[in-house]
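Each residue of the sequence shown is one higher than the one before, starting from 61 at the first, in our numbering. Positions of the beta carbon are idealized from the N, C-alpha and C atoms, including for glycine. First the structure, in the form of structure tokens, and then the observations on it.
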Amino acid sequence: MSTFEGFPSPPPESGGSPAVAIIVTMIILVVIGFVSICCARKMKKAMVSELRAAVAPPMPSNVIQVWEVDAPTMEKFFLELAQQKPVRFTAQQLCAFTNNYSVTLGSGGFGRVYRGQFTNGVKIAVKVLNRGPNRSIEEQFMAEVGTIGRTHHINLVRLYGFCYDHFMSALVYEFMENGSLDKHLFSENQELKWEKLHEIAIGTAKGIAYLHEECQQRIIHYDIKPGNVLLDENFSPKVADFGLAKLCNRDDTHVTVTGYRGTPGYLAPEFMLKNFPITYKCDVYSFGILLFEIVGRRKNTKIGGNSDSLDWFPKQVWEEYEKGELMQLTEACGIEEKDRAKAERMAMVALWCAQDSPEARPPMSIVVKMLEGGVDIMPPPKPFHYLFSVGTDVLKPPTSSGSGSGYTSEGTTSYWCKETTPIMAKYEISVATL
Ligand SMILES: Nc1ncnc2c1ncn2[C@@H]1O[C@H](COP(=O)(O)OP(=O)(O)OP(=O)(O)O)[C@@H](O)[C@H]1O
Ligand SMILES: [Mg+2]
């Protein structure tokens with residue numbers, strides 16, 4: 061056999077039998093066949109699941125997945141917690157977490173609150189709800205808990221889970237190290253500095269603004285008060301008990317006095333009038349009342365010494381404001397000079413929030429801006445007419461305000477405040493209103 065230079069020579073004749081070659085070829089064919097069957101199966105599976113997804117009906121938007129923990133191990137639960145879903149506990153588990161309900165943190169309109177701890181050491185507060193005759197059915201309860209449990213904001217107390225069985229309904233919350241604001245606000249020792257109280261007011265306003273303006277479904281709190289503002293280890297505020305009104309069978313749009321179980325003193329005037337529509341602005345009123353309490357660092361209502369006369373602080377604030385003496389009032393409240401401008405601003409925001417007409421009260425996102433500064437607050441009209449007159453007329457929206465800029469519709473920010481740039485503020489320049 062001739063070979064050409066530059067090309068490799070053919071391999072020498074192999075000495076193996078043809079049977080070996082046949083066996084090797086067959087093995088190769090079997091392997092190739094096996095691999096192709098596997099690939100075909102995989103492809104079929106992918107196509108089927110793709111098809112299923114295409115034809116499956118969409119999950120109804122109101123179905124909220126709530127996961128149950130019944131396994132003795134807590135691992136599943138911690139996984140679900142990480143996924144931020146409310147977890148269902150058994151009554152036995154709650155009993156173990158709270159060491160048989162041995163430490164009571166307090167009690168309120170919805171039930172009693174106990175201190176507890178998960179097995180991984182995370183502290184919790186367990187609120188055992190009073191069950192009325194018209195208690196919500198399990199499905200409704202779970203739907204509401206599902207909504208509350210998925211509402212997350214840095215200024216809202218986190219709901220970890222719940223218990224619902226034949227004998228009890230309970231909610232399991234994150235534990236707030238420093239308890240509720242009322243205890244610090246009205247205590248003798250006043251360890252919270254005014255600057256911190258100002259931050260607490262802003263954080264609380266942000267939490268409520270989130271419930272009103274940023275949630276998929278607006279949540280009205282119905283019970284804003286210092287007792288429902290809880291403080292964590294850094295004294296950062298978180299609003300507690302949101303969503304409870306609905307959970308406990310309170311009508312969420314039109315509530316009459318008889319159906320309402322909020323806290324007297326913080327109630328918006330519309331609650332006193334039968335059949336007057338109740339909107340989210342009732343929370344703005346209650347927040348205004350809370351702001352007065354921060355400015356005065358006292359409960360708004362004090363039964364005066366010997367005379368038993370009712371001395372209502374918000375009315376006093378209005379009178380001082382009318383006389384142009386708000387600054388003096390803040391001084392009389394013991395607020396240091398460096399904090400007085402902020403305190404004066406807070407008092408004006410409180411007067412706006414506590415307007416008789418719900419429409420005249422600013423939305424909470426505007427309240428946040430007004431408290432933070434950076435906007436000029438318009439002069440608030442006189443509030444508290446409802447204290448002296450009967451009938452629904454006092455709650456009608458105002459046609460014009462003392463500020464000169466007429467009230468037109470909700471969301472007209474310039475009714476409550478106007479933006480100022482630092483330069484405009486420095487040279488006292490304002491935008492003309494026609
Ligand atoms: N998550 C929590 N962490 C720590 N303490 C809590 C927690 N939740 C509630 N508490 C304590 O339990 C007390 C009672 O709370 P509860 O909500 O039952 O009553 P309330 O806030 O006074 O009234 P309301 O029923 O109107 O909310 C609170 O004042 C607070 O000190
Ligand atoms: Mg509460």
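Cβ distance (whole Å) where residue i is taken to contact residue j below 8 Å
i       : j       : result
Ala-410 : Val-377 : 7 Å
Pro-286 : Leu-241 : 4 Å
Ala-151 : Phe-227 : 7 Å
Glu-204 : Lys-306 : 6 Å
Val-147 : Ile-262 : Their Cβ separation, rounded to whole angstroms, is 32 Å, which puts Val-147 and Ile-262 out of contact at 8 Å.
Pro-422 : Cys-413 : 7 Å
Leu-231 : Leu-189 : 7 Å
Thr-207 : Gln-277 : 7 Å
Leu-327 : Gly-267 : In fact, because the Cβ distance is near 20 Å, the residues do not count as touching under 8 Å.
Ala-185 : Tyr-233 : 5 Å
Phe-170 : Leu-304 : 6 Å
Pro-441 : Met-408 : Not a contact, Cβ separation roughly 12 Å.
Met-387 : Glu-404 : 6 Å
Which residues DSSP lists as bridging residue i, in chain order
i       : result
Gln-177 : Lys-183
Gly-166 : Val-173
Asp-436 : Lys-478
Leu-350 : Partner(s): none; Leu-350 has no beta bridge.
Leu-389 : DSSP output for Leu-389 lists no bridge partner at all.
Lys-298 : Leu-290
Leu-189 : Gly-171
Lys-359 : Answer is none; Lys-359 lacks a bridge partner.
Leu-216 : Val-299
N-terminal and C-terminal residue of the alpha helix (DSSP H) that residue i is part of
i       : result
Ala-39  : Past the edges of the chain, shown from 61 to 494, lies residue 39, and the structure says nothing about it.
Leu-290 : Per DSSP, Leu-290 belongs to no alpha helix (DSSP H); it is in the beta strand (DSSP E), 289-291.
Gly-209 : 198-209
Glu-397 : 397-413
Lys-305 : Sequence check: residue 305 is Ala here, not Lys. Residues 304-307.
His-244 : 241-245
Phe-157 : 151-157
Residue interval of the beta strand (DSSP E) (run including residue i)
i       : result
Pro-374 : Here Pro-374 belongs to no beta strand (DSSP E); instead the alpha helix (DSSP H) covers 373-382.
Leu-49  : Because the chain is modelled from 61 through 494, residue 49 falls outside the range shown and cannot be assessed.
Phe-222 : 219-224
Open item on the list: Any contact between the segment 390-402 and the segment 351-360? By contact I mean 3 or more CB pairs, one from each, below 8 Å.
Closed with: Result yes; three or more Cβ-Cβ pairs closer than 8 Å.
- [ ] Spell out a yes or no on whether the segment 274-291 and the segment 241-252 are touching, meaning 3 or more CB-CB pairs, one atom from each, closer than 8 Å.
- [x] Touching, yes.
Open item on the list: Please output, in chain order, the residues near ligand 2 using a CB cut-off of less than 6 Å to any non-hydrogen atom of the ligand.
Closed with: Here the residues close to ligand 2, judged by CB distance below 6 Å to any of its heavy atoms, are Gly-168, Gly-287, Asn-288, Ala-300 and Asp-301 in chain order.
Open item on the list: Could you check whether the segment 336-351 touches the segment 413-423, counting it as contact only if at least three pairs of C-beta atoms, one from each stretch, sit closer than 8 Å?
Closed with: Per the Cβ contact rule, the segment 336-351 is in contact with the segment 413-423 (3 or more Cβ pairs under 8 Å).
Task: Three or more C-beta pairs below 8 Å linking the segment 294-303 and the segment 261-275 - done: Taking 8 Å as the limit for Cβ pairs, the verdict is that the segment 261-275 does touch the segment 294-303.
- [ ] Examine the Cβ distances between the segment 269-279 and the segment 219-226 and report whether three or more of them are shorter than 8 Å.
- [x] By the Cβ criterion, the segment 269-279 is not in contact with the segment 219-226, since fewer than three pairs of Cβ atoms, one from each stretch, lie closer than 8 Å.
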